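A short worksheet on the structure shown next.
Numbering (our numbering), first residue to last: 420 to 695.
Below, the structure written as structure tokens:
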């Protein structure tokens, strides 16, 4: 049976992040993607112009409609924006026993716009993180969640330990913001730290990488992979979509979510288009 994956996140009008990035990634992994939209953003590659949050009851009802009919094999959260939406999402996760929850703690856009209101962070830590199978913070998000500065590998390990105490099964610290030529991610399960490293690619076109990575991870969990193996495959996927990232717009261009499919079909991922 085709696996069913739900993303609970915001809409990015530019198509590079949010639910748009998630759905493209789900397509690349061959799973059936579904959405519960939390907010609509007017954004492009260099700025977020405006944000309109949906009513928490509508967010809840989107999840309810999917869970009571189609069903859910795994779920991720992205932009939740405010405390009221967080409360509604947490209630839905409990009410419908949504499995394999990946929490991408989206807080600030690349252009510096708040995507999670500061006064909602406490509710987020209390209501969402404890239910997660995996939490995937970058260094800035990890610093906010753990309350410590995160600039080094040792900082990442300490922050992962603090976040793990909040209740998730795994914490995946993403080291893309480290000032080095090598990107180091750390997966922590409460007992051991597993390190994943890759050479940094020199490109500015990284809009939506956090959304894309967590979408790949949650798709792989639905497909039956355990967390360490899913992280390894998701990282390989990210290497490809960043390698063939798209030079669109005036700012940070998006990744090329379907590049692996183009390559498998012996098509040029930089050109796009299928041969029908």
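Think of the CB as a built atom: it goes at the ideal place given N, C-alpha and C, for glycine as much as any other residue.
Note that the structure is predicted; figures quoted are calculated from it, not measured.
Annotation for residue 589: the continuous beta strand (DSSP E) segment containing it runs 589 to 592.
Bridge pairing for residue 500: 535 [DSSP].
In this structure residue 606 touches residue 647 by the C-beta definition: roughly 6 Å separates them, less than 8 Å.
Just so you know, the alpha carbons of residue 670 and residue 622 end up roughly 11 Å apart.
With contacts defined by Cβ atoms closer than 8 Å, residue 440 and residue 625 do not form a contacting pair. Between residue 512 and residue 499, the CB-CB gap reaches or exceeds 8 Å.
Linking residue 545 to residue 574 through their CA atoms gives a straight-line distance of about 23 Å.
Taking a 10 Å sphere around the C-beta of residue 618, we find fewer than 16 other C-beta atoms and assign the residue as exposed. A distance of 8 Å or more separates the beta carbons of residue 522 and residue 534. Here residue 548 really is in contact with residue 587; their C-beta atoms are around 6 Å apart, less than 8 Å.
For the pair residue 450 and residue 642, the CB atoms are nearer than the 8 Å cut-off.
Listed in chain order, the non-local C-beta contacts of residue 469 below 8 Å within the same chain comprise 460 and 461, local neighbours out to five positions each way being set aside. Around the CB of residue 543, 16 or more other CB atoms lie within 10 Å, so the residue is classed as buried. For the set 569, 496 and 463, the Cα lying nearest the Cα of residue 598 is the one of 569. The three-state reading of DSSP puts residue 654 in helix, counting H, G and I together. Counting of Cβ neighbours within 10 angstroms places residue 448 among the buried residues, the total reaching 16 or more. DSSP places residue 673 in the strand class (E or B) of the three-state scheme.
Cβ contact annotation for residue 538 (same chain, cutoff 8 Å, sequence separation greater than five): 502, in chain order. In this structure, the beta-carbon distance from residue 659 to residue 679 falls below 8 Å. DSSP, read as helix, strand or coil, puts residue 449 in coil.
With 16 or more other Cβ atoms from the protein chains shown falling within 10 Å of its own Cβ, residue 528 counts as buried.
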